[in-house]
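Protein chains in written order, with our numbering: chain A, 13 to 382; chain B, 6 to 308; chain C, 671 to 918.
Beta carbons: idealized from backbone N, C-alpha and C, even for Gly.
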């Protein structure tokens with residue numbers, strides 16, 4: 013038992029004696045949350061929307077009014093011709109423009125159909141997409157009002173014709189906290205673990221440690237423990253940041269959330285161990301973790317792009333990424349306040365992954381060299 | 006010195022992909038002796054050490070340490086051997102003291118318990134015990150690594166190239182330490198690329214390209230040398246080499262410090278004709294003397 | 671001897687790191703075409719001195735020129751006009767032989783035509799024409815070292831620095847390597863070499879032995895042996911370096 017303790021404390025010395033490692037381990041979570049939360053915010057505030065259309069038309073007035081009332085949107089100029097509109101968008105004076113067809117109100121009432129198009133700045137596709145989503149939201153709520161007003165009559169349809177069709181799902185402001193949490197836990201557990209093991213291989217100290225009477229299982233355990241502890245600290249700090257800085261609520265049970273995180277950490281440790289078995293240099297380990305684990309996690313887990321809008325092949329591929337399931341569960345528990353019963357499927361998949369990864373990597377961990 | 010066998014190697018072979026690292030190695034190392042495995046880099050020294058320290062498995066053949074098989078009883082062996090890998094396996098970011106304590110604990114002991122074993126060596130570096138291992142000089146790293154390998158009082162000590170890259174004075178000190186360790190009854194197997202260290206071992210094996218080319222006490226190996234050997238001294242070594250190398254009957258012509266060692270086969274020239282040849286080419290003031298072979302001469306003769 | 675051209679001139683060179691004086695006022699000259707052995711115990715300040723001579727580090731005080739360029743302010747010019755080879759780093763193992771030659775030729779600013787000529791010439795001189803497309807990692811150690819030495823002189827430098835070039839090499843290859851060194855020196859290249867093999871010290875025209883940051887002895891092997899009444903350079907070295915009081 014004393015051996016294990018010596019091992020673990022040595023591991024902590026490695027972490028805290030290297031200022032860069034310490035920095036990465038303890039500051040990265042904060043930086044990531046802040047980056048995703050503020051700098052790379054997917055939200056758009058006070059986007060300027062121009063209007064091209066007949067302002068005497070009552071329906072147009074109504075829509076413009078509700079756009080003005082929307083906290084994210086702001087009406088810029090009322091324009092008379094399309095040239096002006098293009099000019100203002102090109103110069104960045106407006107994010108989008110709303111073009112109503114002539115006789116909008118009349119058509120809507122008589123034919124039950126009227127068309128309006130949203131033109132937005134494709135040079136900034138992300139913002140353009142978000143702004144048009146906001147505008148569409150406003151229009152469709154108006155449409156709902158009209159439909160209820162015209163009880164008995166046929167449902168009125170305004171067809172918003174969006175010229176920039178991108179990913180239709182609007183990223184919720186709550187999206188990134190579960191995502192970043194998954195990313196950080198995975199980075200700490202897989203990258204740090206594998207690099208620390210491979211470094212010992214490179215140094216030659218692994219040779220000496222393997223020659224010692226300490227059982228390989230205990231060597232593995234003592235290599236994993238420090239990163240488990242760090243993950244717990246990071247998990248707590250991310251949660252604190254989420255609640256107190258980002259105003260993201262924890263609606264579900266914290267115990268359940270912690271349990272899920274623990275299982276996810278387990279699977280990430282298994283991945284890290286596996287990487288350390290495969291790679292013989294620290295560079296390889298870094299690359300494998302960076303490109304092989306982090307990139308797919310960012311791209312395919314739903315952190316940046318929703319899984320639903322991916323090609324089927326990628327969707328299937330994303331199913332084998334533990335972070336995807338972790339993010340789904342965290343969203344459900346943390347944001348929607350779901351209980352154990354509604355996450356049972358995802359949780360069992362994640363647990364299965366953890367058991368398999370840990371079992372497989374421990375089995376593959378070489379008690380000898382080559 | 007008792008006659009018991011501490012390390013036995015029987016027909017060990019090992020290949021990495023297409024390269025044969027070891028070919029049919031047979032060795033017997035007695036208890037309490039210093040056994041030197043001498044050969045250049047890439048000869049297979051480290052491969053053999055890894056097999057004996059249970060870190061790697063041979064393709065064929067058997068080996069045992071203290072009567073225990075290196076494959077079947079590897080856990081027992083790991084408890085009783087000390088190993089110092091080729092590149093001083095120390096944690097650079099831990100201090101001298103922390104490194105030593107760590108290895109002591111991992112091998113199930115404490116520094117205090119076995120302080121006697123390492124005292125002599127450790128006392129030389131103890132004043133730097135709070136310094137990080139990465140900041141030590143080559144000679145001190147070597148001493149610390151030796152302490153780490155000795156801290157659990159092993160019966161057999163494996164030292165893989167402990168003197169590589171270390172200056173001549175530190176090397177001498179190191180060998181003096183080894184002979185003191187040997188007195189406490191530890192069997193020492195050491196590898197080195199420096200031929201001049203051979204004479205400091207009780208018995209040696211010469212290894213080249215994965216094969217043992219000769220083994221025995223240094224004296225035995227020197228007596229195996231079959232050719233006549235002359236030492237030629239002169240002012241211009243390069244010129245002497247160029248004149249003598251192409252002559253018929255000369256097997257090799259190698260510079261040894263300020264001398265040139267000329268190996269000659271049975272029909273080759275003798276002292277007088279060597280001297281005459283040199284003088285006929287205008288190289289005067291040379292002396293030629295018949296000498297006995299050194300280990301390095303033997304190695305050159307065998308390779 | 672005194673009238674010969676000097677490739678290295680060093681006067682009162684000092685290098686301090688904080689309050690630690692790694693190199694403490696050393697002075698020496700090296701002549702064109704000379705094989706100069708630079709010996710010293712680990713931590714005697716050898717590496718620091720070589721770094722200054724190669725233009726990788728600036729001296730704290732002192733003056734000097736290497737290949738005619740000032741070590742204080744013409745470091746870039748020095749780097750262009752010297753060759754360097756060490757046992758630890760010399761060639762890229764995952765590149766082929768000709769690719770290594772091309773790479774280093776390119777680094778030293780040779781034209782494509784010059785590189786092509788050099789490659790043919792060099793491989794012929796080394797009798798490695800057949801190994802042209804071999805990966806360096808698959809070559810025997812002795813070949814690698816010879817190739818590394820030739821490549822370190824691909825740009826015809828006036829002086830070449832060899833840092834423990836023969837460590838771990840078998841006795842035959844080691845001697846063949848020294849033949850190459852003699853060859854280079856007879857062509858007028860100055861060879862500045864460090865080694866832990868004391869028999870190799872005997873092959874040098876002159877040897878300097880550093881102890882605790884100071885050049886303690888400087889002279890031809892026979893002069894030194896006479897001065898310290900020793901039979902071999904090994905004895906000389908032990909007598910001088912054994913007095914070291916400093917542990918880096």
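| task | Please confirm if the region 194 to 201 of chain B is in contact with the region 296 to 307 of chain B, defined as three or more CB-CB distances below 8 Å between the two stretches. | result | As far as the Cβ criterion goes, the region 194 to 201 of chain B touches the region 296 to 307 of chain B, which means the pair count is three or higher.
| said: Can you list, in chain order, the residues of its chain with a C-beta nearer than 6 Å to that of residue 175 of chain A? Leave out the 5 residues immediately preceding and following it. | reply: The predicted model places residue 175 of chain A with a pLDDT of 43, which falls under 50 and marks its position as unreliable; any figure quoted below should be read in that light. Answer for residue 175 of chain A: 131, listed in chain order.
| field | alpha helix (DSSP H) runs wholly inside the region 733 to 817 of chain C, at least 4 long, in chain order | value | 745 to 751, 767 to 777 and 782 to 795
| Taking buried to mean at least 16 other C-beta atoms within 10 Å of its own C-beta, is residue 948 of chain C buried or exposed? | Since the displayed chain C opens at 671 and closes at 918, residue 948 of chain C lies outside it and no answer follows.
| said: Against chain C, does residue 308 of chain B count as a neighbour if the rule is that its beta carbon must be under 9 Å from one of theirs? | reply: yes
| Hey, is residue 304 of chain B's beta-carbon within less than 9 Å of any beta-carbon in chain C? | So, interface residue.
| Of the choices C:788, C:846, C:911 and C:781, whose alpha-carbon is the least far from that of residue 813 of chain C? | C:846
| message | What does the alpha-carbon distance come out to for the pair residue 33 of chain B and residue 859 of chain C? | response | Cα to Cα, the separation comes out at about 49 Å.
| Between which two residues does the alpha helix (DSSP H) harbouring residue 174 of chain B extend? | Looking at the DSSP string, the run of the alpha helix (DSSP H) that includes residue 174 of chain B is 173 to 188.
| request: Consult DSSP for residue 828 of chain C and reduce its assignment to one of helix, strand or coil. | output: Looking at residue 828 of chain C - three-state DSSP - the assignment turns out to be coil, as it is neither helix nor strand.
| request: Return the CA-CA distance between residue 876 of chain C and residue 265 of chain B, expressed in angstroms with no decimal places. | output: 19 Å
| When DSSP labels each residue in this structure, what does residue 859 of chain C get in the three-state scheme? | coil
| request: Thinking residue 171 of chain B and residue 179 of chain B are a contact (beta carbons under 8 Å), I'd like their distance in whole angstroms, please. | output: 7 Å
| request: Name, in chain order, the residues that DSSP records as bridge partners for residue 266 of chain B. | output: B:236 and B:259
| query | Counting contacts by CB-CB distance shorter than 9 Å, is residue 912 of chain C in contact with chain B? | reply | yes
| task | Can you give me the start and stop residues for the alpha helix (DSSP H) that residue 327 of chain A sits inside? | result | 324 to 330
| message | Please tell me whether residue 268 of chain A and residue 351 of chain A are closer than 9 Å, where the distance is taken between their beta carbons. | response | yes
| task | Find the residues of chain B that neighbour residue 907 of chain C, judging by a C-beta separation of less than 9 Å, and give them in chain order. | result | 172, 173 and 174
| field | Spatial distance of residue 103 of chain B from residue 753 of chain C (CA atoms) | value | 41 Å
| Below 8 Å, can you find three or more Cβ-Cβ pairs linking the region 215 to 225 of chain A to the region 320 to 329 of chain A? | No, because fewer than three Cβ pairs between the region 215 to 225 of chain A and the region 320 to 329 of chain A fall closer than 8 Å, the two stretches do not touch.
| request: Name, please, each residue of chain C whose Cβ falls closer than 7 Å to the Cβ of residue 301 of chain B. | output: 841
| request: Taking residue 710 of chain C as part of the beta strand (DSSP E), name the residues at either end of that continuous run. | output: Counting along the chain, residue 710 of chain C sits inside the beta strand (DSSP E) bounded by residues 705 to 710.
| query | Exposed or buried, residue 97 of chain A, counting other C-beta atoms within 10 Å across all chains shown (16 or more means buried)? | reply | buried
| message | Residues of chain C with CB closer than 9 Å to the CB of residue 89 of chain B, please, in chain order. | response | The contacting residues do not exist; residue 89 of chain B stays about 17 Å from chain C at best.
| Neighbour-count burial assignment, residue 35 of chain A, 16 or more Cβ in a 10 Å radius | exposed
| said: Do residue 720 of chain C and residue 696 of chain C have their beta-carbon atoms positioned less than 9 Å apart in this structure? | reply: no
| Is residue 890 of chain C helix, strand or coil when you go by DSSP? | coil
| task | Between the Cα of residue 15 of chain A and those of B:55, B:25, B:62 and B:115, spot the shortest distance and give me the residue it belongs to. | result | B:115
| request: Pull up the CB-CB distance for residue 806 of chain C and residue 841 of chain C, whole angstroms please, since I reckon it's below 8 Å. | output: Incorrect: roughly 23 Å between the Cβ atoms, too far for contact.
| query | Mind checking whether residue 706 of chain C and residue 906 of chain C have CB atoms under 9 Å apart? | reply | no
| task | Kindly list the residues whose CB is nearer than 8 Å to the CB of residue 289 of chain A, restricted to its own chain and excluding five residues on each side of it in sequence; keep chain order. | result | 373, 376, 377 and 378
| task | Would you please verify whether the beta carbon of residue 377 of chain A is less than 9 Å from any beta carbon of chain B? | result | no
| said: Quick check: what's the CA-CA separation for residue 731 of chain C versus residue 693 of chain C? | reply: 10 Å
| Cβ pair residue 947 of chain C, residue 824 of chain C closer than 9 Å | Look at the range of chain C in this structure, 671 to 918, and you will see that residue 947 of chain C is not part of it.
| message | Considering Cα atoms alone, identify which of A:89, A:125, A:116 and A:123 is closest to residue 108 of chain A. | response | A:89
| message | Quick check on the DSSP output: the alpha helix (DSSP H) that includes residue 129 of chain B runs from which residue to which? | response | Its alpha helix (DSSP H) spans residues 120 to 130.
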